[in-house]
Structure formats: C-alpha cells, structure tokens
Amino acid sequence: MNKSQKAKPKIHLRSSLFILMISLIIVLLTDSVFYYYTKRMLTSELETKLQLIADNVAISIKHSRSGEKYVENLIGQNLRTAAIAAQYRLDPDIEKVTNDELAEISKDLMIDHITLMKRSGDDIIGYKSTEPKEINMSTKTWSRDWFKAFNQLLDTTETNVKSGQALPHYWSGPINTSMSDPQYVDKWGYYYDGRTNYILDPYVHDTFFQSYQRETGVNAVINEMIHGYTDHGAKEIAVFNPPIFLKQQEQFKKEGYTWFSDREILFGTYTMKDSRDQEMVQEVMKSKHMQQMFTELNGKTYLKMFIPLQFDSPVVIGLTADYEQVQSSIYQQQIRLLLLIGTTAFFAFLFVILSIRFMNKRREATAESVQEVYVDHIDALFRSMKEQRHDFNNHVATIHSLVHLKEYGELDRYTSEIIGETTALNDIIQINVPALSAIVQSKVIQAVERKITFIHEVANLKKVHLGAVKATDMVRMISNLIDNAFDAVAASHKDTERIVRLIGYSQGSSLTFQVINNGDPIPGDCLERLFEPGFSTKKDSGQHTGLGLSIIQTLVNKYGGSIHVNSLPTETCFTISIPL
Numbered sequence: 000m001n002k003s004q005k006a007k008p009k010i011h012l013r014s015s016l017f018i019l020m021i022s023l024i025i026v027l028l029t030d031s032v033f034y035y036y037t038k039r040m041l042t043s044e045l046e047t048k049l050q051l052i053a054d055n056v057a058i059s060i061k062h063s064r065s066g067e068k069y070v071e072n073l074i075g076q077n078l079r080t081a082a083i084a085a086q087y088r089l090d091p092d093i094e095k096v097t098n099d100e101l102a103e104i105s106k107d108l109m110i111d112h113i114t115l116m117k118r119s120g121d122d123i124i125g126y127k128s129t130e131p132k133e134i135n136m137s138t139k140t141w142s143r144d145w146f147k148a149f150n151q152l153l154d155t156t157e158t159n160v161k162s163g164q165a166l167p168h169y170w171s172g173p174i175n176t177s178m179s180d181p182q183y184v185d186k187w188g189y190y191y192d193g194r195t196n197y198i199l200d201p202y203v204h205d206t207f208f209q210s211y212q213r214e215t216g217v218n219a220v221i222n223e224m225i226h227g228y229t230d231h232g233a234k235e236i237a238v239f240n241p242p243i244f245l246k247q248q249e250q251f252k253k254e255g256y257t258w259f260s261d262r263e264i265l266f267g268t269y270t271m272k273d274s275r276d277q278e279m280v281q282e283v284m285k286s287k288h289m290q291q292m293f294t295e296l297n298g299k300t301y302l303k304m305f306i307p308l309q310f311d312s313p314v315v316i317g318l319t320a321d322y323e324q325v326q327s328s329i330y331q332q333q334i335r336l337l338l339l340i341g342t343t344a345f346f347a348f349l350f351v352i353l354s355i356r357f358m359n360k361r362r363e364a365t366a367e368s369v370q371e372v373y374v375d376h377i378d379a380l381f382r383s384m385k386e387q388r389h390d391f392n393n394h395v396a397t398i399h400s401l402v403h404l405k406e407y408g409e410l411d412r413y414t415s416e417i418i419g420e421t422t423a424l425n426d427i428i429q430i431n432v433p434a435l436s437a438i439v440q441s442k443v444i445q446a447v448e449r450k451i452t453f454i455h456e457v458a459n460l461k462k463v464h465l466g467a468v469k470a471t472d473m474v475r476m477i478s479n480l481i482d483n484a485f486d487a488v489a490a491s492h493k494d495t496e497r498i499v500r501l502i503g504y505s506q507g508s509s510l511t512f513q514v515i516n517n518g519d520p521i522p523g524d525c526l527e528r529l530f531e532p533g534f535s536t537k538k539d540s541g542q543h544t545g546l547g548l549s550i551i552q553t554l555v556n557k558y559g560g561s562i563h564v565n566s567l568p569t570e571t572c573f574t575i576s577i578p579l
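Okay, here's the thing in structure tokens:
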C-alpha cells in the first residue's frame, strides 16, 4: 500500500509537466501568430507610407515639370528675341556675314553662340557660326522633328511638328545634348521670316535651366521627399524612362556622351539596383498597376515599390525603403513578449516545484489526505493553466480582429499593454481619416501633459474621401486652432477647469470642424485683425509669429470654404467649413 501511494505523486508530476509543456507550446504558437500579424501590419504601414510618398512625388513632379516647361519656353522666347535683334544687324546674304560679326553680336546679346544655317542640296547645314564645330555640320540625319522643322521653316516660314515650341517664323527644339559638342546640353532657337537666305540659330547652354532644377525642379522635390521622411521613408527615388531602361529603344551616344533625352533615369538617383528591377518595370508598364518586392543589398533588407505615372509619356517611379527598421521593431516586440512568456513559465514551474515539495512532505500521511492535498493543488494548477491559455487565445482573437478591421491605433495600444508598456493615454480616435486621427490623438496627449480637458466629438467620417494634399491642409488648420485654444485656456485668468472641445462632422457636401475653449474672451478691437499676418493676441507674442490664423484663412480660401469666430464671456468658438 505504501509503494502504491509513493508511485502516484510521480505519475501526477509527469502529467503536470506535460500540461505545462503543452501550455508553453500554446504560448509559443501565440507568439508566432502575434509575430506574423505584427509583421504584416508594419509592412502594410510601410507600404502605405511609400504610396503616400509616391502620390506626393507624382503631384510635386507634375507641378515642377510645369514650372520647368514654363522656364524652358521663356528661354525659347528670349532666343527668338535675340534672333530678331541679330537679323537687324546682319546682312540678309549669308555670304556677306562673317564669323567675327556673329561673335560680336553673340557677346552683345549675352548668348553663348549663333549659327547661320542654309540649304545644301537635300541637306541643311551650319554655314557660319561662332562655334567652329557647327560649320558644315549636317542636320539631315538628326532624329525626331528637327530636320522636318528646318525644312518647314525654309519652305513656309512656319512649323507644324509635335515637339518643341512653335512661334511665328520660329521653332525652338527641346533642351538636349549638343550634336556638335556633346559635353554640353543646350537650348536652341531657329528663326526665319523669308527676308534672309539663312536660318538664324542662337543657342545657350543649360546653365540657367540647371540652376532652376537644383533649386525648385523635380530633383529638388525628390531630395526633399527623401530627407523629409526619415521614419521608414524612401531611401532612394528614381523616375525610370521605360523605353530606354527596358532596352526597347537604343540610346543615342556620341563621343562617350549619352543624349539627354535618352537617359535611363529621368529624375532622382538609381544606385540601389536589383537584377529584377527591369522585370518589375516591365510588369508595371504592362499591367498599369503597382508592383513591389523585397531585396537584399549590402546585407540589409529593402522594400522596393514600382508605381506607374503619366507624364508626356508613361514613366515608372521606383521607391526603395529600408525594411530593417520594420524588422527591428518586430524584433524588439518579440523580445518583450518572450520575456513575458519566460517570466510566466518560470513562475509556473516554480509553482509546480513548490507544490511537489509540499506533497512530498505529507507523503507519510494517510492515503486519503495525500490524495486530497494532491488533487487540490493540481486543480489549482489546472485552473491557472486554463486561465492563462484562455487569456492568450483571447489576445490572439483580439489581435486578429483588430488587424482585420484595420484598427491600427487600437492594435498598437492593445499590444503595448500585452508586453507591459505603460502609456499615458488609452483614448482611441476613430475618424476613418488617418491623418486627422493622428493629429487628434497627438493633441489628446498634449492635453494630458498640459492638464487640459480635451473633449473630441468627431463623427466617423466613413463617407468622406480626402486626397493626400487636402488631408494635410485639414491637419494644418485643425492643429493650429487646437494649439491656439490650448494656449488660450492655459493663459486664462478664470478659476475654472480648463476645457477645449473639438467637434467635427460632415453634412451635405461640406465638412465642418469647431474648436471651442473656455478661456478669456477675445477683445472686440482684436476680432477684426485676428486673421492679419503677424497679428497675435498672446502676451508673449515675441515668441509667436502671429501667422497661424493667417495660414488657416489662406487654406480655407484655397478650398472655397469659410471660417467664423464667435467670442463670448463664457467661451470662444472657431468654426471651419470646407466643401467636399
């Protein structure tokens, strides 16, 4: 009988350890599921950021391209003026014009060179010029519209070709590499009104145009995008020229120089290369949809996205983002969760060991007492394991639901609580416009820090669709108004609770936001000047520019909206209404 009683605790010990191992396996599986969904969520967030960057790049590039085209046309118009001025000083017979005369006129008109062109058989050649390499240069083999435009000028004094800039008796070709001296990229103008026996061709190097590009052109926009998105942003942006990049069209080269119009990368840089890039660009051109892939470069993981865009012709934007930051975030969360699991497992095993020791001390008691004590402790252990397993299953189910519902703000808070992080805020903003949700969330945090009661009553704007630019402008307007309200209640002399309210809703075809504070009322003589640039009612106005409300007024006018202020002794209310 005694042997039988001693054997039973060993059997129960094995069962307990088995259950603990099963529980640990369940926990590890839970951790794996958490890892998978967290990785998926962070990757999706990175993709969204890259898409936002791509949208901004596309908009900015289109605007910059318009500016560049405008500047190029201005240069073309100036070259036409220079050609007319030169014609008044030159003999209408090309044989009576000297290269020295052209050099003097070129210097007076502040242009780099002047070439006079005339027909020679079935060709049109440079006959007189300030650039020796232009003399006797044939244009018959020039590609695209150039030779055709020259013939049209000589035949009819007008041009009708697809490219370049056409004005009366004048045509200016697009900026490109110089045929006579490929080390330069030039802008040419060709003038012929029938009063001479030659075409006047003044031209300038692209020095001014390059300066414009560096300051405000497309490459400047791309550089700003790269350096402005340091958090999981793009490390490199390239705008591909598909026909050249995919080798569908041969590059024109001369003396080792590639023609400006035939460059593979139109804008940006392309140093982070992958052998699959051509395949991705080709697929984007074929499907007209975004493509992406992961790549290993110099031992680091990157996410590459390729997005179609329409300029004068279809192009592809390539964005390369550092994926190591996403992996680092996942790794840190994994470490914290594993520490939680390890601590839980340690105390569970410690509990079992203490229980076994306790049972061994009572081994000499009666079989009934031993069995009763054993059952009590094992039942407690089972309940603990079941509760633990139940909790982890609930965590997994909750995380899955939040990911499915795309409630990423709630998911961040929930997972932070699981791994033991302490947050100063448990408020979840559900506005359905990510940019607005983020700014309201940040203002809630500021309110907590400044001991201000911030009440937000913003309806879920499911039916409101704001573009990237409009959403950004809305954030600027609301952020400025809330900051002003915080400052107003902070400086108030009232002995009451400091309260700021944000009310937002969409009604009909407009989106309305109200920011209300219970600070001191705005003096009547200040109300009329409230939206003037540089005007401020804050006592420490030396630290404020007084531009906040002026900026808001500008943005409101931009969208054809309205802004009103109503200041009473009890509260001050700013109301913004923007058409959707």
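Residue numbers 0 to 579, in numbering that gives the first Met the number 0, belong to the letters of the sequence shown in order. No residue lacks a Cβ here, since even glycine has one placed at the ideal position from N, Cα and C.
Judged by pairs of C-beta atoms under 8 Å, the segment 212-222 touches the segment 57-77, as three or more such pairs exist. Counting along the chain, Ser441 sits inside the alpha helix (DSSP H) bounded by residues 433-448. From the listed residues Ile316, Ser535, Val432, Phe485, the smallest Cα separation to Ile60 is found for Ile316. The continuous alpha helix (DSSP H) containing Trp145 extends over residues 145-155. Ranking Asp494, Lys48, Ala489, Ile306 by CA distance to the CA of Val447 puts Ala489 first.
Counting along the chain, Thr574 sits inside no alpha helix (DSSP H); it lies in the beta strand (DSSP E) bounded by residues 571-578. Of the candidates Ala484, Val160, Arg143, Arg143 places its Cα closest to the Cα of Asp261.
When DSSP states are grouped into helix, strand and coil, Ile24 belongs to the helix group. When secondary structure is reduced to three states using DSSP, His455 falls in the strand class.
Nearest to Lys106 by alpha-carbon distance, out of Thr397, Lys139, Pro201, is Pro201.
The three-state secondary structure of Leu245, taken from DSSP, is coil. Remark: C-beta atoms of Ser179 and Glu130 approach each other more closely than 8 Å. Each of Thr536, Arg528, Ser505 was checked against the Cα of Pro520, and the nearest Cα belongs to Thr536.
Two segments are said to touch when three or more pairs of C-beta atoms, one from each, lie closer than 8 Å; by this definition the segment 93-109 does not touch the segment 498-507. Going by DSSP, Asn516 is part of the beta strand (DSSP E) stretching over 509-516. From the listed residues Lys303, Pro522, Gly75, Ser400, the smallest Cα separation to Asp205 is found for Gly75. The residue from Leu339, Leu265, Leu302 with its alpha-carbon nearest to that of Pro313 is Leu265. When rounded, the separation of the alpha-carbon atoms in Ala233 and Phe346 is 45 Å. The way I'd put it, the segment 481-501 does touch the segment 451-462; three or more beta-carbon pairs between them come closer than 8 Å.
Within a 10 Å sphere around the beta-carbon of Leu567 sit fewer than 16 other beta-carbons, which makes this residue exposed.
Just measuring C-alpha positions, the residue of Phe149, Pro532, Lys557, Glu133 sitting nearest Asp122 is Phe149. Between the segment 151-161 and the segment 187-197, the count of Cβ pairs shorter than 8 Å is three or higher; the stretches touch. With respect to the C-alpha of Lys287, the residue from Ala470, Ile225, Ser274, Leu308 having the closest C-alpha is Leu308.
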